[in-house]
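Colleague: First the structure, then my questions, so here it is.
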Amino acid sequence: MGILIDVKNLKKYFEIRRSLLSKPTYVRAVEDVTFQIPEGSIYAIVGESGSGKSTLGRTILRLIEPTSGTIIYNGQEITRLDNKRMIEYRRQMQIVQQDPYNSLHPRKLVKEIIGEGLKIHFKMRPDEIYLRIKEILEMVGLREEHMFRYPHEFSGGQRQRIAIARALVLRPKFLVLDEPTSALDVSVQARVLALLKELRERFSLTYMFITHNLAVVDYMATQVAVMYLGKIMELGSKDDIFQRAAHPYTLALLDCVPSVGTGRKIRSVPRGEIPNPAKPPSGCVFHTRCPKAQKICQEKEPEFYELSPGHFCKCHFCK
Ligand SMILES: Nc1ncnc2c1ncn2[C@@H]1O[C@H](COP(=O)(O)OP(=O)(O)OP(=O)(O)O)[C@@H](O)[C@H]1O
Ligand SMILES: [Mg+2]
């Protein structure tokens, strides 16, 4: 199987100024990220709040512009394509946002919310559009009559189904799922996750699945990348991460998982708070919280060591 998404040295810095005259500082939300998403995989991105997961997803889709680096989609570099040439890729690459309560337009009917993209991307007649919307609603477990309702008339789980339908109606190949179920009750969460798995099979989709929840990763993912302060600290197959984790940060995150299936989230790793991403620590960015830190960790950034084929770790002591 081929590589669908190939990201090289991707950076996204946000400029922040206290006032008009003060010098800008930069939040390094994504700091030199290189990784590849194989076609057909469910690639989980995990890490604490603020580690840059959403920024990474949004930058790959070019919903926000990268500061530097390259993004290759299906063999085509899309990093600097203009809007006109991006249109087809925008259709193929969709996102389901973090929050089902704010991601749907409150004053539009479901039929308009889902139909919008169809009007932009396909030259379809209204009766064809109607049929396509009906079909996709049924696929996500909703009904024809739901077309004529507003988002507030639905529960959180149903809204997330609408957001999924809106993404899928465009027949995308790649979906960024940004905490698609974290706002939902555990039982609803399980149903939406099962639906996402089923849809992936049915439409041969590739997912980038952003989450705090390692139990969800265990259920969904084929691959996992662990992010900390904008960097990928460890990546590999799900088994590499769950059974052979090598990075102290990954191990700390795994320690916080109570047991799979309870749906609890990572709140903090054992030691301390995340440093300010505008002033990241020298050397290894994790050294200020790492139980294994030595002098070298403050001085030198570790390489990304390949421990076994496809299993990489950014730690001086992981070899
Ligand atoms: N538009 C922006 N302007 C300035 N800083 C931003 C902007 N968007 C994100 N950031 C900062 O970039 C960093 C990464 O944010 P991001 O939302 O990508 O994290 P995340 O891993 O998705 O967190 P969460 O798990 O809470 O969703 C944070 O420090 C955040 O404050
Ligand atoms: Mg986020």
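At position 285 of the sequence shown (counting the first as 1) the number is 284 in numbering that gives the first Met the number 0, and the numbers step up by one without a gap.
Glycine is no exception: its CB is placed at the ideal position from the N, C-alpha and C atoms.
Small disclaimer: the values here were computed from a predicted structure and weren't measured.
(1) Less than 7 Å separating the Cβ of Lys-52 from some heavy atom of ligand 2?
(2) In whole angstroms, give me the CA-to-CA distance for Gly-114 and Ile-44.
(3) I need the boundaries of the beta strand (DSSP E) containing Tyr-42, first residue and last residue.
(4) By how many angstroms is the C-alpha of Leu-250 removed from the C-alpha of Ala-189?
(5) Answer yes or no: does any C-beta atom of chain B fall closer than 8 Å to that of Leu-195?
(6) Shorter than 7 Å, the distance from the beta carbon of Gln-97 to the closest heavy atom of ligand 1, or not?
(7) What residues in its chain sit with their C-beta under 6 Å from that of Asp-239, if we drop five residues either side in the sequence?
(8) Apart from the five residues just before and just after Val-29, which ones in its own chain have a Cβ nearer than 7 Å to its Cβ?
(9) Would you mind stating whether Gly-116 and Arg-158 have Cβ atoms separated by less than 8 Å?
(10) Applying the criterion that 16 or more other CB atoms from any shown protein chain within 10 Å of the CB defines a buried residue, is Asp-177 buried or exposed?
(11) Where does Lys-118 fall in DSSP's three states?
(12) By DSSP's criteria, Lys-236 is part of a beta bridge. Which residues make up the other side?
(13) I'd like the span of the beta strand (DSSP E) that includes Arg-27, first residue to last.
(14) Which residues in the same chain as Val-187 place their Cβ atom closer than 6 Å to its Cβ, once the five residues preceding and following it in sequence are excluded?
(15) Less than 8 Å between the beta carbons of Ser-203 and Gly-39, yes or no?
(16) Count Cβ pairs between the stretch 12-31 and the stretch 211-223 that sit closer than 8 Å; are there 3 or more?
(17) In its own chain, which residues sit with a C-beta less than 7 Å from the C-beta of Glu-14, not counting the 5 before and 5 after it?
(18) Tell me, please, which residues DSSP counts as bridged to Ile-161.
(19) Thinking just about the alpha-carbon of each residue, which of Ile-71, Asn-82, Thr-66, Arg-148 is nearest to the one in Leu-108?
(20) Which of helix, strand or coil does DSSP assign to Ser-50?
(21) Quick check: does the Cβ of Phe-285 come within less than 7 Å of any heavy atom belonging to ligand 1?
(22) To the nearest angstrom, how far is it from the Cα of Ile-71 to the Cα of Lys-313?
(23) Looking only at DSSP bridge pairs, what is Asp-5 linked to?
(24) Is the closest heavy atom of ligand 1 to the C-beta of Ala-28 under 7 Å?
(25) Which same chain residues, not among the five before or five after Leu-192, have their C-beta less than 7 Å away from its C-beta?
(26) For the beta strand (DSSP E) holding Cys-312, just list the boundary residues, first then last.
(27) Less than 8 Å between the beta carbons of Pro-276 and Gly-49, yes or no?
(28) Compute the beta-carbon to beta-carbon distance between Phe-34 and Leu-234, rounded to the nearest angstrom, for a pair I have assumed lies under 8 Å.
(29) Closest to His-104 by CA distance: which of His-211, His-151, Asp-5, Met-138 is it?
(30) Please confirm whether any heavy atom of ligand 1 lies closer than 7 Å to the CB of Pro-276.
(31) May I ask which residues mark the beginning and end of the alpha helix (DSSP H) holding Ile-135?
(32) Which one of Glu-305, Cys-296, Ile-4, Thr-78 has the shortest CA to CA distance from His-315?
Modeller: Straight from the coordinates:
(1) At least one heavy atom of ligand 2 is nearer than 7 Å to the Cβ of Lys-52, so yes.
(2) Cα to Cα, Gly-114 sits roughly 30 Å from Ile-44.
(3) For Tyr-42, the enclosing beta strand (DSSP E) starts and ends at 41-45.
(4) Ala-189 and Leu-250: Cα-Cα distance of roughly 25 Å.
(5) Of the chains in the structure shown, none is chain B; there is only one protein chain.
(6) Yes, the Cβ of Gln-97 comes within 7 Å of a heavy atom of ligand 1.
(7) Closer than 6 Å at Cβ, skipping near neighbours: His-310.
(8) Same-chain partners within the cutoff: Leu-9, Lys-10, Lys-11, Gly-51, Thr-54, Leu-55, Thr-58, Gly-229.
(9) Taking 8 Å as the cut-off, the beta carbon of Gly-116 is found no closer than this to the beta carbon of Arg-158.
(10) Within 10 angstroms of the beta-carbon of Asp-177 lie 16 or more other beta-carbons, which makes it buried.
(11) The three-state reading of DSSP puts Lys-118 in helix, counting H, G and I together.
(12) The amino acid occupying residue 236 in the given sequence is Ser; Lys does not appear at that position. Gln-222, per the DSSP bridge assignment.
(13) First-last of the beta strand (DSSP E) with Arg-27: 24-37.
(14) Scanning its chain for C-beta atoms nearer than 6 Å, with the 5 sequence neighbours on each side dropped, one finds around Val-187 the residues Gly-156, in chain order.
(15) Closer than 8 Å, so yes.
(16) In short, these stretches do not touch, since the Cβ pair count stays below three.
(17) Counting only residues of its own chain and dropping the five nearest sequence neighbours on each side, Glu-14 has a CB closer than 7 Å to the CB of Pro-23, Tyr-25.
(18) Per the DSSP secondary-structure output, Ile-161 pairs with nothing in a beta bridge.
(19) The shortest C-alpha separation from Leu-108 is found at Arg-148.
(20) It is coil, neither helix nor strand.
(21) The answer is no for Phe-285.
(22) About 23 Å.
(23) Partner(s): Gln-35, Ile-71.
(24) Taking 7 Å as the cut-off, one finds at least one heavy atom of ligand 1 near enough to the beta carbon of Ala-28.
(25) Exclusion of the five residues before and after Leu-192 leaves Thr-180, Val-215, Tyr-218, Met-219 as the residues of its chain whose Cβ lies within less than 7 Å of its Cβ.
(26) Its beta strand (DSSP E) spans residues 310-312.
(27) The Cβ atoms of Pro-276 and Gly-49 lie closer than 8 Å to each other.
(28) A Cβ-Cβ distance of about 6 Å is found for the pair Phe-34 and Leu-234, placing them in contact under the 8 Å criterion.
(29) If we check each option's Cα against that of His-104, His-151 comes out closest.
(30) At a cut-off of 7 Å, the beta-carbon of Pro-276 counts as near ligand 1: some heavy atom of the ligand is closer than that.
(31) Note, Ile-135: alpha helix (DSSP H), 125-138.
(32) Measuring from the Cα of His-315, the nearest candidate turns out to be Cys-296.
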